[in-house]
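Asker: One line per chain: the protein sequences are A and B, in this order. Numbering of the first sequence is given in the numbering used here, commencing with residue 1 and proceeding in unit increments. Numbering of the second sequence is given in the numbering used here, commencing with residue 1 and proceeding in unit increments.
Protein chains: 2
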Amino acid sequence: MKRIAISIGDLNGIGLQLALENHEIIKNAVEPLYCIDYNMLEQGAKLLNIPIPNDFKCVQFIGDTFTIKPSKVTKESGAYSFASFKKAVELSKEGMVDGIMTLPIHKKAWELAGVEYKGHTDALRDFFKTHAIMMLGCPQMYVALYTEHIPLHQVASEVRNVAKLSQFLIDFYTTIRKHLNHKKIALLGLNPHAGDEGVLGSEEEQIKEAIIIAHQTIGKEIYTNPLVPDVAFTPNNRKNHQYFVAMYHDQGLAPLKALYFDEGINISLNLPIIRTSVDHGTAFDIAYKNITLNNLSYLNAITYLRTT
Amino acid sequence: MKRIAISIGDLNGIGLQLALENHEIIKNAVEPLYCIDYNMLEQGAKLLNIPIPNDFKCVQFIGDTFTIKPSKVTKESGAYSFASFKKAVELSKEGMVDGIMTLPIHKKAWELAGVEYKGHTDALRDFFKTHAIMMLGCPQMYVALYTEHIPLHQVASEVRNVAKLSQFLIDFYTTIRKHLNHKKIALLGLNPHAGDEGVLGSEEEQIKEAIIIAHQTIGKEIYTNPLVPDVAFTPNNRKNHQYFVAMYHDQGLAPLKALYFDEGINISLNLPIIRTSVDHGTAFDIAYKNITLNNLSYLNAITYLRTT
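Laid out in C-alpha cells, this is it:
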C-alpha cells in the first residue's frame with residue numbers, strides 16, 4: 001500500500017475537516033501520513049467536534065502551536081501551513097512516502113507569514129529548480145497547460161517558440177506515459193477554428209512543427225494535430241481522449257470547470273516527486289460550521305496518487 | 001402566430017430532411033414559410049422517401065432547378081442555397097415574416113457558385129451595413145462574442161478599445177433587453193484569474209471602464225464585473241446568469257460546446273431583422289441515408305424566433 005504525506009493546509013479553513021472525515025475511506029486505499037502536530041490536531045478536532053480516529057498517523061514537530069481562528073486569514077496559520085507543506089515535500093524527497101497530497105492553503109496568509117511563494121506550484125519549482133507541469137482534471141478528463149499564469153496577450157509568442165513547446169510535449173508525454181491507454185493526447189490549436197488554414201492566425205504551423213519534433217524524439221505518434229479549440233471538448237470528442245494539452249490557462253480550464261468543477265484535482269508533473277492537490281480553496285465561508293463538505297476532489301486527489 | 005421564413009440550406013445536405021420531419025412539430029408554434037421551389041421539394045422528398053405534408057407552404061421562384069447530389073459539394077446547390085437565403089432575408093426586410101431561420105449551407109459550395117461571402121453572418125453584415133452581434137447557445141445559456149474570427153494575438157488590443165467595447169455592451173443590451181430577467185449579464189475578463197489585480201494582465205481595467213460607460217448610457221447596472229474566465233461557467237455560476245459576454249471566440253464557445261453541443265443555436269443580433277440558425281453544418285456524411293437526425297438545435301432555433 002502506498003504511503004502518502006498529506007500537508008494539512010490552512011488550519012483556519014476546511015482542510016482538517018476533509019482529512020478527518022475521509023480518513024476511514026482513504027485508509028483502505030493508501031497509508032496516509034498527516035503533517036500536523038498532535039496538539040494542533042486535538043485543537044482542531046475539538047472545534048469540529050469530530051473524534052480523532054485511532055489510526056490517524058501524524059508527523060510531529062511541524063511548527064509553532066497557535067490558536068485556530070476559523071475562517072480568518074492569520075499569519076500564524078499561514079506559517080503553519082507552509083511548514084506542513086515543506087515537511088511533506090521533505091518526506092517525499094527522502095523517499096519516506098510515495099507522493100504528497102496538499103490541502104488548500106491561503107495565499108494571503110502565506111504572504112502575512114513572509115512566505116516568498118505565491119502557491120504550492122511556485123514553491124515546488126523553486127525547491128526542485130525544474131519546470132513543473134500543471135495538469136488539472138479528473139479521471140474523465142485531464143488538461144495539462146502549456147502556458148499558465150501569464151497575460152493572454154503573451155500567449156501567442158510563447159506558442160511560436162517551437163523549441164520550448166516541443167520540449168513541453170516530450171516532458172509531458174514522459175511523465176504520464178504509464179497512464180496512457182491507446183488514446184492519443186488531444187492537443188489544442190491556438191486560434192479560432194485552429195486558424196482555418198491560416199486565415200485566422202498562423203501559430204498552428206508552429207504547433208505542427210513542435211509535434212513533429214516531439215514525435216521524432218518519442219518514437220511514435222502520441223499527439224493529435226492541433227484541434228479546433230471550441231469543439232475539442234464536445235461530448236463526442238471527449239470519448240476519444242482522456243488527456244488534453246491546452247495552449248493557455250482558460251482554454252483548458254474553462255471547459256474543464258464547466259463540466260467537472262467539484263471533482264477536479266491539480267497535479268504537479270515533471271518533478272522528482274509526485275504531488276496532487278484538491279482543486280478548491282480553503283473555503284473560509286463554510287469552515288468549522290458543521291457543514292457537509294463535497295469530498296470528490298479530495299478523494300480523486302488521493303486516488304490519483306494511489307494509481308500512479 | 002409568428003411567420004418565419006426558413007431558408008432551405010444546401011439541398012445536398014441534411015437541411016431538407018430536418019425541415020420535412022419537424023414540420024408537424026413546429027407548425028404548432030410558428031407559421032413556417034419554406035424558401036424552396038416546389039419541384040426541388042418534390043425531388044428531395046422523393047430521395048428522402050418522406051411524404052410532403054399538405055400544409056408545407058413554399059415560396060416559389062427561388063432559383064434554377066438542378067439535380068440534388070446527396071453529400072456532394074456542387075456549384076448548383078451552392079447557388080440555390082444562397083438564393084434561398086437571399087429570399088428569406090428579402091421577405092423579412094419587406095415585413096412579410098417576423099424572422100428568418102437559416103438551414104446550413106456549405107461554404108465551399110458558395111465559393112464554387114461565385115458567392116462572395118464566407119457565410120450567413122458575413123453576408124448579413126454586408127446586406128445591412130451594420131455590425132451584427134453573434135450569439136450562440138440554448139435556453140440554459142447564451143454566449144455573445146465581443147471578438148469573433150480574429151487571431152488570438154489580436155484579441156487583447158481589441159479589448160483595450162474602450163469606445164468599441166462599451167458600444168458593443170450597449171448594443172448587446174439593447175438588442176436582448178426584452179429577454180432579460182432579473183439576472184445580470186455575465187461579462188468575462190480577458191486574462192487568467194481576470195488579471196489577479198493586474199499581476200496577470202491589465203485589460204480588465206479597460207473592461208471596467210467600458211462597463212461604467214455602458215451602465216451610464218443604459219441607466220442601470222446590467223453587467224457583472226469582469227469575471228474570472230475559468231470559473232465563469234461552473235454549475236453554480238450558471239445558475240446566476242443566462243447571458244454571457246465572452247471577450248473572444250473560444251473563451252465562450254469551448255465551454256458552451258462542452259456543455260450543450262447538440263442543442264446550440266446561432267443568433268444574429270443587432271440587425272433590422274432577426275435571424276437564427278442551427279449550430280451544425282450540412283452533415284454530408286449522414287445526408288439522405290435514412291438516419292434519424294438530432295433535431296434539438298433546429299427546434300431551439302425555431303423556439304427562439306417564436307419567443308422573440
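By construction, the Cβ of each residue, glycine as well, lies at the ideal position given by its N, Cα and C atoms.
In this structure, how does DSSP classify ARG275 (chain A) when only helix, strand and coil are distinguished?
Answerer: strand
Asker: In whole angstroms, what is the alpha-carbon distance linking LEU296 (chain B) and LEU16 (chain B)?
Answerer: 15 Å
Asker: Rounded to whole angstroms, what's the CA-CA distance from LYS178 (chain B) to TYR298 (chain B)? Just pull it up for me.
Answerer: Between LYS178 (chain B) and TYR298 (chain B), the alpha-carbon positions lie close to 23 Å from each other.
Asker: Evaluate ASN240 (chain A) with the Cβ neighbour count: other Cβ atoms within 10 Å of its Cβ, from every protein chain shown; 16 or more gives buried, anything less gives exposed.
Answerer: exposed
Asker: Between the stretch 169-188 of chain B and the stretch 185-197 of chain A, do at least 3 Cβ pairs fall closer than 8 Å?
Answerer: Verdict: no, contact absent.
Asker: Considering only DSSP beta bridges, list what PRO32 (chain B) is partnered with.
Answerer: Under DSSP, PRO32 (chain B) shares a beta bridge with B:ILE4.
Asker: What are the start and end residues of the alpha helix (DSSP H) that includes TYR142 (chain B)?
Answerer: First-last for TYR142 (chain B): 141-145, but that is the beta strand (DSSP E), not the alpha helix (DSSP H).
Asker: Who pairs with GLY99 (chain B) in a beta bridge, going by DSSP?
Answerer: B:ILE4
Asker: Quick one: measure Cβ to Cβ for LEU293 (chain B) and LEU136 (chain B), integer angstroms, because I've assumed they're closer than 8 Å.
Answerer: 20 Å between Cβ atoms; not a contact.
Asker: Just to confirm, are LEU41 (chain A) and CYS58 (chain A) a CB contact at a threshold of 8 Å?
Answerer: yes
Asker: Please classify ASP285 (chain A) as buried or exposed, where buried requires at least 16 neighbouring CB atoms within 10 angstroms.
Answerer: exposed
Asker: Just checking: is the beta-carbon of ASN191 (chain B) within a distance shorter than 8 Å of some beta-carbon in chain A?
Answerer: yes
Asker: Could you tell me the alpha carbon to alpha carbon distance between VAL159 (chain B) and LEU152 (chain B), rounded to whole angstroms?
Answerer: 12 Å
Asker: Can the beta-carbon of TYR34 (chain A) be found closer than 8 Å to that of ALA45 (chain A)?
Answerer: no
Asker: Looking at the strands, I want to know which residues DSSP matches up with GLY137 (chain B).
Answerer: B:TYR142, B:ILE265
Asker: Within the continuous alpha helix (DSSP H) that includes TYR298 (chain A), where are the two ends?
Answerer: 296-307
Asker: What are the residues in the stretch 88-114 of chain A lying within 8 Å of chain B by C-beta distance?
Answerer: none
Asker: Take every Cβ of the stretch 234-251 of chain A, pair it with every Cβ of the stretch 121-133 of chain A, and state whether three or more of those distances are shorter than 8 Å.
Answerer: no
Asker: Under 7 Å between beta-carbons, which chain A residues line up against ILE150 (chain B)? List them in chain order, please.
Answerer: LEU200
Asker: From what residue to what residue does the alpha helix (DSSP H) around VAL89 (chain A) run?
Answerer: It spans 75-93 - the alpha helix (DSSP H) in which VAL89 (chain A) sits, taken as one unbroken run.
Asker: Considering only residues of the stretch 147-219 of chain A, which uninterrupted alpha helix (DSSP H) runs meet the minimum length of 4 residues and lie entirely inside it, listed in chain order?
Answerer: 155-159, 162-176, 203-218
Asker: Show which residues of chain B have a CB atom less than 8 Å away from the CB atom of GLN242 (chain A).
Answerer: The premise fails here: GLN242 (chain A) is roughly 15 Å from chain B at the closest Cβ pair, so nothing lies under 8 Å.
Asker: Measure how close the beta-carbons of PRO53 (chain A) and HIS23 (chain A) come, nearest whole angstrom, since I'm counting them as under 8 Å.
Answerer: 5 Å
Asker: Kindly identify the DSSP beta-bridge partner or partners of TYR243 (chain A).
Answerer: A:TYR142
Asker: On the three-pair Cβ rule with 8 Å, is the stretch 127-136 of chain A touching the stretch 95-110 of chain A?
Answerer: no
Asker: Examine the Cβ distances between the stretch 221-234 of chain A and the stretch 225-243 of chain B and report whether three or more of them are shorter than 8 Å.
Answerer: no
Asker: Pick out whichever of A:TYR142, A:GLU148, A:GLU209 has its Cα sitting closest to the Cα of VAL162 (chain A).
Answerer: A:GLU209
Asker: Use the C-beta contact count for GLY198 (chain B): other C-beta atoms within 10 angstroms, 16 or more gives buried, fewer gives exposed.
Answerer: exposed
Asker: Can you pull the chain B residues whose beta carbon is under 7 Å from the beta carbon of LEU253 (chain A), in chain order?
Answerer: ASP230
Asker: Label PRO51 (chain A) either buried or exposed according to how many other C-beta atoms from any shown protein chain fall within 10 Å of its C-beta, with 16 as the threshold for buried.
Answerer: exposed
Asker: Assuming ILE274 (chain A) contacts LEU305 (chain A) (C-beta within less than 8 Å), just tell me the rounded distance between them.
Answerer: 7 Å
Asker: Rounded to the nearest angstrom, what separates ASN321 (chain A) and THR147 (chain A) at their Cα positions?
Answerer: What is shown of chain A runs 1 to 308, which leaves residue 321 (chain A) out entirely.
Asker: Buried or exposed, going by whether 16 or more other CB atoms sit within 10 Å of the CB of PRO104 (chain B)?
Answerer: By the neighbour-count criterion, in which a residue is buried when 16 or more other Cβ atoms sit within 10 angstroms of its Cβ, PRO104 (chain B) is buried.
Asker: Could you tell me which chain C residues have their CB closer than 8 Å to the CB of ASP250 (chain B), listed as they occur along the chain?
Answerer: No chain C appears in this structure, whose protein chains are A and B.
Asker: Identify whether TYR38 (chain A) lies in helix, strand or coil by the three-state DSSP scheme.
Answerer: helix
Asker: What do you reckon, are the CB atoms on ALA301 (chain A) and THR282 (chain A) nearer than 8 Å?
Answerer: no
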